[in-house]
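Novice: Listed in order, the protein sequences are those of chains A and B.
Counting in the numbering used here, the first sequence runs from 3 upward without gaps.
Counting in the numbering used here, the second sequence runs from -18 upward without gaps.
For every residue, glycine included, the Cβ atom is placed at its ideal position computed from N, Cα and C.
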Amino acid sequence: MTIEDEVRSLQKFRMFRDVEGAKLKLLAMISDRVVFQPGEVIYAQGDASDAVYIVLDGQFKVSLVTAHGVIDFAEHVRGVLLGEAGVLCDQNRMATITAETPVVALRVDREPFLQLLKESRPFNHAVVRELGRQIMELNNICAQLVERLPKGTPAVDAGHKVALTATHEQVH
Amino acid sequence: MSLNFFSYVWHHSRREQLIVLIFVVASLPFYWWSLDVPKRIVNEAIQGNVFKHGEAGARLFDYSLSLPDFLGGATWQITDGLLLAQVPYLFALSMVFLVLTLINGWFKYVINIRKGVLGERMLRRLRFELFELVMRFRPEDVRTTKSAEVTSMIKDEVEPIGGFFGEAFITPAFLGTQAITAMAFILAQNMWLGTLSLSLILVQGVVIPYLRREQIRLGRMRQIESRRLAGRIGEMIDAAPALHVFGVALYSAAEIGQRLGTLFHIRLQLYRRKFAVKFLNNLLSQLTPFIFYTLGGYLALKGRLDIGQLVAVIAAYRDLPGPIKELIDWDQQRADVTVKYEQVVGAFYKDTLLPPDPVREPEPIPRDAPITIVGLRVMNGRGLVQIDRMSAAIGRPGRVALVGAAGSGRDILPKVLGRQITDYQGSVTIGGHEVGAMSDREASAVMLYASGEPFIMSGSIRDNLCLALRRALPVPDEPKDADARYWREEALATNNPIVSPDADWIDYHASGLSGPADLDAAIIQALRTVRGYDDIFRVGLTSKLGDDLGEDLAERLLGARGAIYARYEQLGLASYVETFQPERFNANATIGENLLFGVSIGKRFEAEKLAHDPFVRSIIAAEALVAPLTNIGLKMVETVAEAFQGLAADNPLRERYSFIDEAELSELWPQLQGTWQRGQRRQFSPELRDKLVGYALMYVEPRHRLSLIDEHLVARVLRARGSFRDFLPAKDAGEIEFYDPERLMPAATIRDNLLFGRIRYGKMHARDKLLDAAHAVLDELGLESFVVSKGLEQDAGPGGRLLSVQQRVTVHLARALLRQPDILILDDALSSFGASEAHMIMENIFEAMAGRTVIVAQSNDDDLDAFDLVLTFEGAKLAGAERKGSPSGTQAQEGRPVAPVREPQPQEAVK
């Protein structure tokens, strides 16, 4: 797999359709190609958000550590961008991501990622669009969940956090 | 420090000055005699006055002592002297003259030396006093001081003053008496001639200083202007990066050019003046001999003056303009120097200075004495109110958050508490001591202020960490030998400190340490608290192993290499590292590393220079590697040129290909295109080819992923590796250390020595896991402290430039914690960390500071649960003080009722 192959894979994603080829090449050049075996943790809740992953292939699972134990939040997830929210908001990882199938990804370190956002407007747009799409998807999921609740259930408290803020010790 | 130059000099050096004066006075009779003897040589010996009446001999050296007539006029003959014929008489007198010349010379020598030493001592004292004064500037004044100007004042401007210290009293005394002696001599010879030359000298003495007044004014202007120039240049050099960014180098150049022009203009005027005065001076001096020759000659011809007298007068006069001129020069210098002195000392003279450190250790302030703020009002230089009539009581120990928007009182109060702002109204006291009036020693004993701007001094990381600890008062060593005694006496003579900076200044006791042995552990603890330990450990791992290891240590490190590998096998991490093996190509190392298969010791085989080395080049050519490597380099350049188009040369995105220099590339690219257009892709010029080969040698397949390495290339590189080793000339054997599993490589980093291979690309978290495992093994083998101490030995660079921003802040915080102050004030000190990291550091700091006080400036949306007291600011106003139950169980706060949200009026807040 060479940079050229990676650029071709990236070009297939809808989110990158407006990004010029040279910038996709740049993206590939500043990233490392990483492979996760099924069951391997891509990152764990509470880790420092040190990188963004662009998943070229594979499925993964999202789980949350809460006061009531571990919730497997979503399974068989396919997504292009992974971990960008933590990097953008300078927050630790909010969830644990585990590979379900072999996951091939490009790992872009935090700093180069932020730099690239400044450098390329189309890339910036692509990321913003992707974030917007994720929010719409989440809204959809939430709406479905609310539908399942009995009538008269009070609205959720937006200030309440379910995920435990993992302390440093829990990470290791 | 006296503002008057002469009283300053007299105050500090009168003993020395008097000693030199005694020498001066003692030298005068000899000076008189040396004037007298030539007259006798001419009159008595050569013209033979004493032999006129046919005497065969004359008496020499007959001395008698007679009392004045009113005491009886008795005479005692001391010696009878010698009876000499004319020629011996001449020789004897000449010998006397020679001896007198020697004696005069000796006096001059001794006086000059003493004067010089005196001047140097005073200069040392003055410089030290000025430095001490600057160190006592209030923080407000320091901020408006240009460091380059102060440097120029302490270093350069006082230099001429230093030369004048010795002259201040001695020169007028010496030259004055000399001139008076000479004058008296002339007067004694001939009243007329004497009066005449005296009046000419008086004219000189009056006119010339008058003319020089303008010169002094210009001199002062020159001084101020050049000081400004120094300040401005210093400022611009500090701001150079920004000036480049803005592209305003031309504008700054214009400003400096103009300043230099002004300086030139002043100097030009000064020179004109100076030489005009000199001309006049010379003219007046030459006029006198003219009178002597004409008038004196006339008188001699008339027989009213004998020739010997005339010669003596002229000889005396030849000596006279010297002292007189020097005296006038001295006066000029005096005016100059006193102006300079007043200028410099005045610039260092502020209305308020911080109190000097007390001689005795101040009474410690109790750990639970509260901080009381009554009617505090702070205004900045432009009269803007930054804190408006604030009163509060901060109980200790406690965790205090100062909350508000940036620029509000929350940013100002910590500076007042931390004595960064000492110009305030109202009172801020800790245990009854006013914060603004505390001496450094007193304040630093109870609290420590840390801002977001770390001050890192040049030296190692360890030096910087220990800086805050260096407040012990080491007892000066008793001087052991003459040399040490000399150093000590000189320091004493100039009021300089007598304790060497190399003494152990670390105050172990105040930081809860029992002695030097505990220091390393404390440093490690402090680094852990601010979460900088791993970083320093890594710095240690990436620092050179060095060859000053003990045998035992080397043995253990080599053992660690095996142990770490065994641990990797055990943890299933072994496949993450590709070790160096003589017969195999290491895919995770560069092609160049694969070729060398060793660590460059000198400069010759450094990675960047490899392609230009004749020996390496010949090996590459011999193994037919030139063409494939050129192709790799070409492909890399093409990729870079395409992807990095439009990126600034220092864009961090270029990091991975940083070895392809932007400037080089823009030079290369047209050449490459030119070659292509001519259809000669294979025929690059030798320099171009070397460059491309050089790039190719930096290529790592899994890192750069251009799919450029095939088995043929691998086979050739491996062959080249063999021939490199076989054909390396014996004289170059010291330039490289080949990889050998059984040996350490002093020129390589500790990490490379331990891993003995490269971490594979494409494995997530591999590096962290590997390093953590290696860390654990090192820990078990007791080698951790060795690695950390290597990390601590790293040079921080001037202003910490060799450290990353984070490392600087980490060092800054760790050294604050190392001190274990009773009160720690964090003024935005964690701002360069991400929110979550800052939070974790904060928690660690709270833990480390348990039972003591931490005052932190926080922004509004930070988590405030951990604090006992939250002071909220709205602009300059204190809007609320909220006391919480202590979640962490700080005993002093427990059970206290929650205070009203609004802080009560001042009267109520004071105890």
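Could you list which residues in chain B have their beta carbon closer than 9 Å to that of GLN93(A), in chain order?
Specialist: The answer, in chain order, is GLY815, ALA816 and SER817.
Novice: Could you please give me the residues that DSSP links to TYR951(B) through a beta bridge?
Specialist: Lying before the first or after the last residue shown, residue 951(B) is absent from chain B, which here runs from -18 to 892.
Novice: Count the other CB atoms, across all protein chains shown, that sit within 10 Å of the CB of LEU231(B); report buried if there are 16 or more and exposed otherwise.
Specialist: So LEU231(B) counts as exposed.
Novice: Taking Cβ positions, are SER33(A) and VAL106(A) nearer each other than 8 Å?
Specialist: Not in contact: SER33(A) and VAL106(A) (Cβ atoms no closer than 8 Å).
Novice: Of all the beta strand (DSSP E) runs that stay within the bounds of the stretch 512 to 549 of chain B, which reach a length of 3 or more residues?
Specialist: If we require 3 residues or more, the stretch 512 to 549 of chain B turns out to have no beta strand (DSSP E) run fully inside it.
Novice: Under the rule that 16 or more other beta-carbon atoms within 10 Å means buried, what is GLY147(B), buried or exposed?
Specialist: Flag for GLY147(B) reads buried.
Novice: Cutting at 7 Å between CB atoms, please list the residues of its own chain near ALA602(B), excluding the five before and the five after it.
Specialist: If we look at ALA602(B) and ignore the five residues flanking it on each side, it has no Cβ neighbours.
Novice: So what's GLU307(B) in DSSP terms, helix, strand or just coil?
Specialist: The answer is helix: DSSP assigns GLU307(B) an H, G or I state.
Novice: Going by C-alpha to C-alpha distance, which of PHE767(B), MET116(B), GLY97(B) and ALA235(B) sits closest to GLY531(B)?
Specialist: Closest by alpha carbon: PHE767(B).
Novice: Leaving out five residues on either side along the sequence, give the residues of the same chain with a beta carbon under 6 Å from the beta carbon of PRO779(B).
Specialist: Cβ neighbours of PRO779(B) beyond the five flanking positions: SER439.
Novice: Taking Cβ-Cβ distances shorter than 9 Å, what residues in chain A pair up with ALA465(B)?
Specialist: Those do not exist, as ALA465(B) stays about 52 Å from chain A at its closest Cβ, beyond 9 Å.
Novice: If we cut at 8 Å on Cβ distances, does GLU121(A) have a partner in chain B?
Specialist: Yes, contact with chain B.
Novice: Can you check which of these residues, SER556(B), ASP404(B), LEU429(B) and SER481(B), is closest to GLY417(B) by C-alpha distance?
Specialist: It is ASP404(B) whose Cα lies nearest to the Cα of GLY417(B).
Novice: Do you know how far the Cα of LYS96(B) is from the Cα of SER207(B)?
Specialist: Approximately 29 Å, taken between the alpha carbons.
Novice: Report yes or no: is there a C-beta of chain A within less than 8 Å of the C-beta of GLY413(B)?
Specialist: No, its Cβ sits nowhere closer than 8 Å to a Cβ of chain A.
Novice: Of the residues that make up the stretch 124 to 138 of chain A, which ones have a beta carbon closer than 9 Å to any beta carbon in chain B?
Specialist: Those would be none; no residue qualifies.
Novice: Quick one: Cα of LYS321(B) to Cα of ASN(-15)(B), how far?
Specialist: C-alpha separation (whole angstroms): 11 Å.
Novice: Let me see if you follow: with CB-CB separation under 8 Å, is GLN2(A) close to chain B or not?
Specialist: What is shown of chain A runs 3 to 174, which leaves residue 2(A) out entirely.
Novice: Would a check of beta-carbon distances place PHE15(A) closer than 8 Å to chain B?
Specialist: So, not an interface residue.
Novice: Between the stretch 677 to 696 of chain B and chain A, which residues of the former have CB atoms less than 7 Å from a CB of the latter, in chain order?
Specialist: Listed by position along the chain: ARG686, LEU687 and SER688.
Novice: Select from the stretch 26 to 45 of chain A all residues with a C-beta closer than 8 Å to any C-beta belonging to chain B, and list them in chain order.
Specialist: Against chain B - using a Cβ distance shorter than 8 Å - the residues of the stretch 26 to 45 of chain A are LYS27, LEU28, ALA30, MET31, ILE32, ASP34, ARG35, VAL36, VAL37, PHE38, GLU42 and ILE44.
Novice: Of all the options ARG150(A), VAL164(A), GLU8(A) and ASN94(A), which has the alpha carbon lying nearest to the alpha carbon of GLY815(B)?
Specialist: If we check each option's Cα against that of GLY815(B), ASN94(A) comes out closest.
Novice: For TRP(-9)(B), collect the residues of the same chain with a Cβ closer than 6 Å to its Cβ; drop the 5 residues on either side in sequence, then sort them by chain order.
Specialist: Closer than 6 Å at Cβ, skipping near neighbours: no residue.
Novice: Anything in chain A within Cβ reach of PRO609(B), meaning under 9 Å, just list it in chain order.
Specialist: Here the premise fails: no neighbours, minimum Cβ distance about 17 Å.
Novice: List, in order along the chain, the chain B residues whose C-beta lies closer than 8 Å to that of ALA24(A)?
Specialist: Under the 8 Å cutoff, chain B gives GLU623, ALA624 and GLN626.
Novice: Who are the near neighbours of ASP349(B) in its chain, counting only those whose CB is closer than 6 Å to its CB and skipping five residues on each side?
Specialist: Taken in chain order, the residues that qualify are ARG377.
Novice: So, using beta-carbon positions, are ILE44(A) and ILE5(A) closer together than 8 Å?
Specialist: Result no, Cβ atoms of ILE44(A) and ILE5(A) do not sit closer than 8 Å.
Novice: Just tell me which of ALA857(B), PRO19(B), GLU863(B) and ILE237(B) has its CA closest to the CA of GLY364(B).
Specialist: Nearest of ALA857(B), PRO19(B), GLU863(B) and ILE237(B) to GLY364(B), Cα basis: ALA857(B).
Novice: Can you tell me whether DSSP reads PHE(-14)(B) as helix, strand or coil?
Specialist: Note: PHE(-14)(B) maps to helix in three-state DSSP.
Novice: Note down the Cα distance separating VAL18(B) from VAL77(B), rounded to an integer number of angstroms.
Specialist: Answer to the nearest angstrom: the Cα atoms are 8 Å apart.
Novice: Which residue from ILE161(B), ASP499(B), LEU649(B) and GLY143(B) puts its Cα closest to that of VAL6(B)?
Specialist: When each option's Cα is compared against that of VAL6(B), the closest is ILE161(B).
Novice: Just list the residues that DSSP pairs PHE38(A) with in beta bridges.
Specialist: PHE38(A) pairs with VAL105(A).
Novice: Could you give the uninterrupted runs of the beta strand (DSSP E) lying entirely in the stretch 324 to 389 of chain B, keeping only those of 3 residues or more?
Specialist: DSSP runs (the beta strand (DSSP E)) wholly in the stretch 324 to 389 of chain B: 352 to 360, 366 to 375 and 380 to 384.
Novice: Look at the alpha carbon of ALA55(B) and the alpha carbon of ARG40(B), and state the distance between them as a whole number of angstroms.
Specialist: Near 21 Å, if we compare the C-alpha coordinates of ARG40(B) and ALA55(B).
Novice: Using a Cβ-Cβ cutoff of less than 6 Å, which residues in the same chain neighbour GLY738(B) once the five nearest sequence positions on both sides are dropped?
Specialist: So the list reads VAL558, GLU559, THR560 and PHE561, once near-sequence residues are dropped.
Novice: Does LEU83(A) come out as helix, strand or coil in the three-state DSSP assignment?
Specialist: LEU83(A): strand per DSSP, three-state reduction.
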